[in-house]
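Data first, discussion second: the structure below is written as structure tokens.
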Amino acid sequence: MRRAIDTRSPFGWILVAGFALTSLGLAAEPQDGPPPGFEPPPDPTPGQSSSIPYTPGYGTADSNGSMIAVTGVDVTGGSLLYLIDTETRHLSIYQATGGTKSTMNLKWVGARNIDLDLQVDGWNDESEYTYKKLSEAFDPGGGSPAK
């Protein structure tokens, strides 16, 4: 007798999401270019080339009480799955690639406990105002900016 996958457990969700991502990666056809009518955004710095090429991305996101799943496509055309456990604050990333029988696979890219990451006010942040300056600009009650 076969047992069904328990989708209430985190392992069950990871397994189901992995199979879904693999199926999505195998079913996707290579794109010959952007969809009809697509125009990339204007270059913010005319005369200089961007270090990261702009490519249209396709992805979805969903969640339940304890997990968030986000899918997308990387620059190589592989499908990505980001799983975030909101209870234990862990992040896990998977990549699925399609193609021929010898090239299709599902790979675990990495994982991390993001508990401390979520406590940092800013890192590699090139915003105009830092968190500290913004918090000083607002009153302790979270009201309007101080004048």
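Just so you know, we're using the working numbering here: the sequence shown kicks off at 28 and counts up by one. Note that the Cβ used here is the ideal one computed from N, Cα and C, for glycine as well.
- At a Cβ-Cβ threshold of 8 Å, Ser90 and Asp112 do not count as neighbours.
- DSSP lists no beta-bridge partner residue for Ala164.
- The beta-carbon distance between Leu110 and Thr98, rounded to whole angstroms, is 10 Å. This is too long to meet the 8 Å contact definition.
- If you draw a straight line from the Cα of Gly104 to the Cα of Leu145, it comes to about 29 Å.
- Secondary structure in the region 133 to 165: the alpha helix (DSSP H) runs of 4 residues or longer, each lying completely within the stretch, are 158 to 164 in chain order.
- Beta-bridge partners of Ser106 (DSSP): Val100, Ala123.
- Ile95 is positioned such that its CB atom lies no closer than 8 Å to that of His117.
- Per DSSP, Ser90 is one residue of the beta strand (DSSP E) stretching across 88 to 90.
- Sequence-distant Cβ neighbours of Thr87 in its own chain, meaning closer than 7 Å and more than five residues away, are Thr98.
- In terms of Cβ geometry, Val100 and Tyr121 do not form a close pair [threshold 8 Å].
- When rounded, the separation of the alpha-carbon atoms in Tyr85 and Val102 is 11 Å.
- The C-beta of Ala123 has 16 or more other C-beta atoms within 10 Å across all chains shown, which makes the residue buried.
- When the beta-carbon positions are compared, Lys160 and Asp148 stay at least 8 Å from each other.
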